[in-house]
Amino acid sequence: MPKDTKSNGLADIVYSNNQNQVRKSERKPVYIKDELDEPKYKIANPELFAKSREILGNLISKRMKTSGGTDIDWLIEHNGGFIILELKTFFDDRILISKAQMSAYMKLYENLLKCHILFIGHDDIVFTNLDDPVWLFEISQWRSGAVPHVERSLTDTTYNENEVTGYRVEREFMEKIDVKILRDKIDSIWLEFEHRII
Numbered sequence: 039m040p041k042d043t044k045s046n047g048l049a050d051i052v053y054s055n056n057q058n059q060v061r062k063s064e065r066k067p068v069y070i071k072d073e074l075d076e077p078k079y080k081i082a083n084p085e086l087f088a089k090s091r092e093i094l095g096n097l098i099s100k101r102m103k104t105s106g107g108t109d110i111d112w113l114i115e116h117n118g119g120f121i122i123l124e125l126k127t128f129f130d131d132r133i134l135i136s137k138a139q140m141s142a143y144m145k146l147y148e149n150l151l152k153c154h155i156l157f158i159g160h161d162d163i164v165f166t167n168l169d170d171p172v173w174l175f176e177i178s179q180w181r182s183g184a185v186p187h188v189e190r191s192l193t194d195t196t197y198n199e200n201e202v203t204g205y206r207v208e209r210e211f212m213e214k215i216d217v218k219i220l221r222d223k224i225d226s227i228w229l230e231f232e233h234r235i236i
């Protein structure tokens, strides 16, 4: 008859405790929302906001030589420093950035004394759940060549059917964090500008 191999020796106890600690450390923290997690800014008239953005597209007509155009999703200024947030929804595990938009952001980054530009990829979330994942890279990483990407003609069906030259960035090449960590990162940049740490 085989002997029962179950043991309660010191090595088994230490191993068991280590395994429990590993499991605990692998658990993702769960954030509890309170009233301070409510949005600071809300669009008072969403229909008017959407309409004004939509009709802006009518300004440049097919008759004109002028072409292209982009927007900035969120621009924050503090003590002469700038935080620019560009939100991109994932489609087939990738985000699309037009060449014109990236060129504009590069010029801003190079010419503003203090500037952080964050590209935030998400799966169509509303940023109210602190545990929701987002994927991120900064323009400083792009500029240094640390963000692999493909340059080609692209069609971003979320906005228009026109082909544009741009960049495709895969989700796997962006840093995965949650909304709470993203908020903390934005606040740390604000504090950097607050204390003028450059």
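The sequence shown runs 39 to 236 under the working numbering.
The beta-carbon is built from N, C-alpha and C at its ideal position, and this holds for glycine as well.
It should be emphasised that the depicted structure is a prediction, and the values quoted were computed from it without experimental measurement.
Taking only the alpha-carbon atoms, compute the straight-line gap between W173 and R209 and give it to the nearest angstrom. 7 Å
Of the residues T203, R234, E176, the one placed nearest K214, counting alpha carbons only: E176
From what residue to what residue does the beta strand (DSSP E) around V164 run? Run containing V164: none; DSSP gives neither H nor E here.
Based on DSSP bridge pairs, tell me the residues matched to V207. I133
As a quick exercise: from S226, A184, E201, pick the residue whose alpha carbon is nearest that of R190. E201
Distance check for S141 and W180, CA to CA, integer angstroms please. 12 Å
Please report the straight-line C-alpha distance between T108 and A138, rounded to a whole angstrom. 8 Å
Is it buried or exposed, L74, if we count other Cβ atoms within 10 angstroms and call 16 or more buried? exposed
Residues in the same chain with beta-carbon distance under 8 Å from I81, minus the five sequence neighbours each way, listed in chain order, please. F87
Quick check on this structure: which residue in G95, S99, P67, W112 has the alpha carbon closest to the alpha carbon of Y79? W112
Could you pull the DSSP bridge partners for G119 from this structure? H116, K152
Considering only residues of the same chain and omitting the five flanking positions on each side of Y143, which have a CB-CB separation below 8 Å? I122, E124, I155, I177
Beta-bridge pairing of T127 - partner residues as DSSP gives them: H160
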